[in-house]
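What follows is one structure encoded as structure tokens, with my remarks underneath.
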Amino acid sequence: MTLSPRARAAARLAAVQALYQHDMEQTPLAGLLDEFHRHRLGAEIEDDQYVAADVPFFDDLVKGTLARRDEIDAMIGTKLAEGWRLERLDRTMLQILRAGAYELLARADVPTATAISEYLDVAHAFFDAKEAKFVNGVLDAVARAVR
Numbered sequence: 018m019t020l021s022p023r024a025r026a027a028a029r030l031a032a033v034q035a036l037y038q039h040d041m042e043q044t045p046l047a048g049l050l051d052e053f054h055r056h057r058l059g060a061e062i063e064d065d066q067y068v069a070a071d072v073p074f075f076d077d078l079v080k081g082t083l084a085r086r087d088e089i090d091a092m093i094g095t096k097l098a099e100g101w102r103l104e105r106l107d108r109t110m111l112q113i114l115r116a117g118a119y120e121l122l123a124r125a126d127v128p129t130a131t132a133i134s135e136y137l138d139v140a141h142a143f144f145d146a147k148e149a150k151f152v153n154g155v156l157d158a159v160a161r162a163v164r
């Protein structure tokens, strides 16, 4: 069964949110996935109906990013401007880059341009154009290194 591109976009946004929660609260993976499955993905929150997400895709993004976080962080670190370190990045920005880098590394079924464009959309949900251009630059550099 193929879900709509909107379901994958919803999964990406939710994955970034889940990764952020994990990073800030060290929520165990099983509990984190359960919370998102039961209360967030496709749910109505504060009178807003969220798009149904591609749950297996969401799970892969979260599990895969966490499993390969050290490898992903090392790769992202090599793509930052001189003098910048991961620790200087906004925590949400870091999760966007991690999820995007994971997708570029591990999801050959997703075209490079689609993955980068989708994470630009996620960046626009949280940041201004300047930060979105940063996401584009880093993920483009990651893609050239891994694809």
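End of the sequence shown sits at 164 in the working numbering; the numbers just go up one at a time, nothing left out.
Glycine included, every Cβ here is placed at the ideal spot set by N, Cα and C.
Owing to the predicted nature of the structure, the values given are computational and were not obtained by experimental measurement.
Inset, instruction - Give the single residue among Phe75, Arg164 and Leu30 whose Cα lies nearest to the Cα of Gly50. - result: Walking along the sequence shown from the start, residue 50 turns up at place 33. According to the sequence provided, residue 50 is Leu. The question's Gly does not apply to it. Per the Cα distances, Phe75.
Legend entry - Contact under 7 Å by Cβ, Gly81 with Tyr136: Position 64 of the sequence shown holds residue 81. Position 119 of the sequence shown holds residue 136. Not closer than 7 Å, so no.
Inset, instruction - Can you grab the Cα-Cα spacing for the pair Gly154 / Val79, in whole Å? - result: Looking up residue 154 in the sequence shown gives position 137. Looking up residue 79 in the sequence shown gives position 62. If you take the alpha carbons of Gly154 and Val79, they lie about 22 Å apart.
Inset, instruction - With DSSP collapsed to three states, give me the class of Asp51. - result: Position 34 of the sequence shown, counting from 1, holds the residue named residue 51. Of the three classes helix, strand and coil, the one that applies to Asp51 here is helix, per DSSP.
Inset, instruction - For His39, collect the residues of the same chain with a Cβ closer than 6 Å to its Cβ; drop the 5 residues on either side in sequence, then sort them by chain order. - result: As a working mapping, residue 39 is identified with position 22 in the sequence shown. Hits under 6 Å: Leu49.
Legend entry - Arg164 to Leu156 span [Cα, whole Å]: As a position in the sequence shown, residue 164 is number 147, starting the count at 1. As a position in the sequence shown, residue 156 is number 139, starting the count at 1. Going from the Cα of Arg164 to the Cα of Leu156 covers about 11 Å.
Legend entry - Same chain, Cβ closer than 6 Å to Phe143, neighbours up to 5 away in sequence not counted: Taking the first residue of the sequence shown as position 1, residue 143 is located at position 126. For Phe143, where only same-chain residues beyond five positions count, the Cβ hits under 6 Å are Thr109.
Inset, instruction - Given a cut-off of 7 Å, decide if Ala26 and Phe53 are closer than it, judged by their beta-carbon atoms. - result: The residue you call residue 53 lines up with position 36 of the sequence shown. The residue you call residue 26 lines up with position 9 of the sequence shown. Going by C-beta atoms, Phe53 is not nearer than 7 Å to Ala26.
Inset, instruction - Measure the alpha-carbon distance for Leu46 versus Ala91 and round it to whole angstroms. - result: Translated into positions along the sequence shown, residue 46 becomes position 29. Translated into positions along the sequence shown, residue 91 becomes position 74. Rounded to whole angstroms, Leu46 to Ala91 spans 22 Å at the Cα level.
Inset, instruction - Assign Ala29 to buried or exposed, taking buried as 16 or more other Cβ atoms, counted over all protein chains shown, within 10 Å of its Cβ. - result: On the sequence shown, residue 29 is found 12 positions in, with the first residue counted as 1. Per the sequence presented here, residue 29 reads as Arg, with Ala not at that position. That one is buried.
Legend entry - Pro45 (DSSP reduced to helix, strand or coil): Within the sequence shown, the letter at position 28 stands for residue 45. Three-state result, Pro45: coil.
Legend entry - CB of Ala130 within 7 Å of CB of Leu121, strictly: Translated into positions along the sequence shown, residue 130 becomes position 113. Translated into positions along the sequence shown, residue 121 becomes position 104. Against a cut-off of 7 Å, the Cβ pair of Leu121 and Ala130 comes out as no contact.
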